[in-house]
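Chains as they are written, first to last, in the working numbering: chain L, 1 to 285; chain B, 1 to 334. Quick notes on the structure that follows.
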Amino acid sequence: MFKILRDLLRYNIEFTIGFILTLAIFLFALAHFWAPMPDSAIYLLPPDMPPSAEYWFGTTSRGQDVLWQMSSAIWNTMLFGLTVTILSRLLAVAVGMISGYLGGRWDQVLMTINDTMIALPNIPILLLVYFVMRDSMSWPVLAATAALLGWNYDARLIRSVTLSLRNREFTRHAVFAGMSMRQILVRQHLPYVMPVIFFTAMNNLIWAIGLEVTLSVLGFSDINRPTIGGMIYWANQHQAIIAGIWWWIAFPIAAIVLLFLGLFLLAISVNEYIDPRSRLSRMGA
Amino acid sequence: MDGFAKYLVRRLFQCFLVIFLGVSLAFLITTLSPIDPVEQTMSLMTSFGATDPRSVDLMREALAELYGLKGNFIEQYLSFWGRVLRGDFGPSLSAFPTPVMSLIMGALPWTIGLLMMALVISWTLGNLLGALAGYFRSNTLLKISGAAIMALNPVPAYIIGLVLLLMLGYIWPILPISGGAQMNLQPGFTFDYLRSLVLHGTLPALTLVLGGIGGWFLSMRSLVSNIVTDDHVVYAELGGVNSGKIFSQYVARNALLPQLTGLALSLGSVFGGAVITEFLFNYPGVGRLLIQGIYRGDYSLVLGVTTISIIAVAVAVFIIDLIYPLIDPRVRLG
């Protein structure tokens with residue numbers, strides 16, 4: 001594992017940049033545990049201060065330090081993204097592997113449901129869920145809803161991998177050796193599916209974070225919990241752009257773009273590592 | 001024709017299934033939620049001042065009737081389907097007494113126009129650039145544009161739109177940032193109106209194009225770079241077929257098939273991006289309608305827009321499925 005990481009860092013420039021960016025942002029987000037003030041406190045500092053030696057990224061119109069707000073916000077946004085990713089991976093793996101392994105009628109039924117879910121527009125459904133939940137909408141509920149909507153594309157991918165494993169020799173051996181379906185799937189097939197899970201997890205994380213930003217920018221989440229989208233929401237509420245308080249909006253946008261860039265570079269370089277064909281073409285074959 | 005008919009029936013079945021499950025889901029979300037829409041609307045209405053308790057009761061009755069929340073679960077479900085099929089979601093509360101349906105019908109052409117423009121541009125451009133980048137792998141210009149497109153790819157539509165709005169709306173104000181057309185112009189086929197239509201649509205469409213192009217570019221490039229090493233392409237190259245023909249007929253055409261499937265699959269999420277973009281640029285489509293409905297607590301409007309957008313996306317996917325056999329003869333011949 002560490003050897004792979006070392007080789008990727010040494011030979012793959014995209015991975016190196018992505019790794020450093022993501023790590024830097026993660027450390028920055030981690031710093032919020034040592035923040036000098038609670039992230040929910042408002043009107044603690046003089047409002048609308050431009051970036052200075054005392055307030056590096058300035059303060060908001062609500063009297064918060066932009067730097068520390070951002071630190072908490074990135075942490076919360078990443079936490080949301082990871083929760084969605086883990087939940088939706090569980091679903092995708094379960095449905096994909098069972099569908100691929102069983103084949104036949106089960107496969108047809110599961111994949112029909114899967115394709116139906118893909119065709120449903122996510123945002124209107126999420127907005128409807130928010131609308132009917134309103135104030136009882138907390139971030140875990142939102143994460144669970146997002147996870148329920150975000151697994152189907154990857155389930156199809158995982159299914160296609162399992163489908164090809166089903167007819168391999170070792171699967172037949174395992175069946176004859178008396179292994180149960182669960183044992184075969186977990187012990188025999190899961191290792192082969194792992195790379196796909198990992199790669200789709202990266203993409204799913206990016207998707208989930210984008211979703212969180214989108215929804216909280218509109219104020220459709222717990223607006224008192226700092227998130228990147230939530231910061232932009234409050235900045236819009238206070239008309240920061242018109243008032244000239246650019247630092248309130250520019251820094252969160254820069255942070256989110258850097259985070260996306262880092263994760264995206266990681267995702268494509270990991271994909272390249274997993275798919276040997278693109279590695280060959282890098283070598284000039 | 002047999003294979004085509006079979007294909008068509010299968011796709012039609014899928015389309016109906018999507019609509020059935022989607023509409024049922026919308027119903028389930030609204031009925032199973034712990035919050036009663038009637039009480040919610042009541043608290044919204046009575047918050048303006050003291051109301052006579054008797055009229056509150058009457059209003060509660062009327063709202064339950066209006067929202068189709070009378071009777072048991074099955075009755076409500078059936079009556080919901082009845083309303084969907086009749087296209088009758090009742091009057092909108094925030095724009096009383098305009099029916100929700102006429103609000104949606106007024107907004108739908110805007111969304112369809114915007115989405116079609118953005119999709120056609122981003123799909124064509126993304127695939128073309130992706131195919132070129134996959135075919136001419138050593139071209140520096142394509143590599144640079146590829147890196148730029150890829151960097152934009154993961155950024156959500158709202159952020160791209162906000163940055164565009166700040167750059168082209170405030171810092172260097174050359175484009176209108178709000179609305180679908182100039183307010184004081186009479187809609188019609190006049191030059192002025194069409195010009196303002198295009199100008200107002202540019203920023204929202206650009207947002208969607210920039211947000212969508214990366215996905216097409218990436219998948220097309222990897223598809224093409226795989227096909228390039230296929231036997232039939234290598235054989236054609238050795239046989240001296242000119243490279244333009246190899247590119248368009250041997251490589252790009254084959255790679256386009258999965259991309260068309262991808263287009264159908266992505267419509268749902270593209271629509272989601274359009275919702276946000278419309279709201280950001282105050283574009284008079286269904287997305288803005290939906291978000292305004294949520295802000296104003298307009299239950300019928302939100303439910304109506306969600307249901308109609310599920311149906312509209314399903315129908316659009318079906319239309320793309322109809323194009324597929326034109327490109328892939330295997331489907332046509334069965």
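C-beta atoms are modelled at their ideal positions from N, C-alpha and C, and glycine is treated no differently.
Does chain B have any CB closer than 8 Å to the CB of L:Ile4? no
How long is the line joining the alpha carbons of B:Ile29 and B:Leu132, rounded to whole angstroms? 45 Å
Nearest residue (CA-CA) to B:Thr124, options B:Asp328, B:Leu260, B:Thr277: B:Leu260
Check for me: the alpha helix (DSSP H) holding L:Lys3 runs from which residue to which? 2-11
Candidates B:Leu203, B:Leu197, B:Asp231, of which the one nearest B:Ile390 by Cα: There is simply no residue 390 of chain B to check, as chain B begins at 1 and stops at 334 in what is shown.
Between the segment 306-324 of chain B and the segment 219-235 of chain B, do at least 3 Cβ pairs fall closer than 8 Å? no
How should B:Ile327 be labelled, buried or exposed, when 16 other C-beta atoms within 10 angstroms of its C-beta is the threshold for buried? exposed
List in chain order: all unbroken alpha helix (DSSP H) runs of 4+ residues lying wholly within the segment 136-167 of chain L. 139-149, 152-166
Counted within 10 angstroms of its Cβ, other Cβ atoms place B:Val315 as buried (16 or more) or exposed: exposed
Please work out which residues of its chain come closer than 7 Å, Cβ to Cβ, to L:Phe28, disregarding the five sequence neighbours upstream and downstream, and give them in chain order. Ser71, Ile74
With a threshold of 16 other CB atoms inside 10 Å of the CB of B:Val120, please say whether the residue is buried or exposed. exposed
Would a check of beta-carbon distances place L:Asp48 closer than 8 Å to chain B? no
In the DSSP assignment, what are the bridge partners of L:Asp65? L:Thr59
CB contact below 8 Å: B:Leu223 versus chain L: no
From the DSSP output, read off the bridge partner residues of B:Pro99. B:Pro91
Throw me the rounded Cβ distance for the B:Leu197 and B:Ala181 pair, which I believe falls under 8 Å. 5 Å
Closest to L:Ile228 by C-alpha separation, out of B:Gly68, B:Leu141, B:Tyr158, B:Asn254, would be which residue? B:Tyr158
Pick from B:Gln76, B:Leu152, B:Val56, B:Tyr299 that is closest to B:Ser92, judged by C-alpha positions: B:Tyr299
For L:Ile158, is the classification buried or exposed, using 16 other Cβ atoms within 10 angstroms of its Cβ as the cut-off for buried? buried
Helix, strand or coil for B:Leu128 per DSSP? helix
Comparing C-alpha positions only, which one of B:Val302, B:Pro325, B:Val313, B:Met116 sits nearest to B:Ile104? B:Val302
Determine the closest residue to B:Val270 out of B:Val209, B:Met101, B:Leu257, with distance taken between C-alpha atoms. B:Val209
Show which residues of chain L have a CB atom less than 9 Å away from the CB atom of B:Asn254. Per Cβ cutoff of 9 Å: no residues; B:Asn254 is ~17 Å from chain L at best.
Mind listing the chain B neighbours of L:Pro121? Cutoff is C-beta to C-beta under 7 Å, in chain order. Gly268, Phe271, Gly272, Ser309, Ile310, Val313
Reference B:Ser122; option with closest CA among B:Leu25, B:Val275, B:Gly211: B:Gly211
What are the uninterrupted segments assigned as alpha helix (DSSP H) that are 4 or more residues long and contained completely in the segment 179-238 of chain L, given in chain order? 190-217, 228-237
Per the contact definition of three or more C-beta pairs closer than 8 Å, is the segment 30-48 of chain L in contact with the segment 210-221 of chain L? no
Closest Cβ-Cβ distance between L:Pro51 and chain B: below 8 Å? no
Shorter than 7 Å, the distance from the beta carbon of B:Leu142 to the closest heavy atom of the ligand HEM, or not? Although the ligand HEM was asked about, the structure shown includes no ligands whatsoever.
Expressed to the nearest angstrom, what Euclidean distance is found between the alpha-carbon atoms of L:Asn271 and L:Ala201? 11 Å
Name, please, each residue of chain B whose Cβ falls closer than 8 Å to the Cβ of L:Phe57. Those within 8 Å of L:Phe57 in chain B number zero; the least Cβ separation is about 17 Å.
8 Å is my cut-off, CB to CB: does B:Tyr170 come that close to chain L? yes
Taking Cβ-Cβ distances shorter than 7 Å, what residues in chain L pair up with B:Asn153? Phe264
Contacts that B:Phe279 makes with chain L (C-beta to C-beta distance below 9 Å): Leu218
Within the continuous alpha helix (DSSP H) that includes L:Met117, where are the two ends? 104-119
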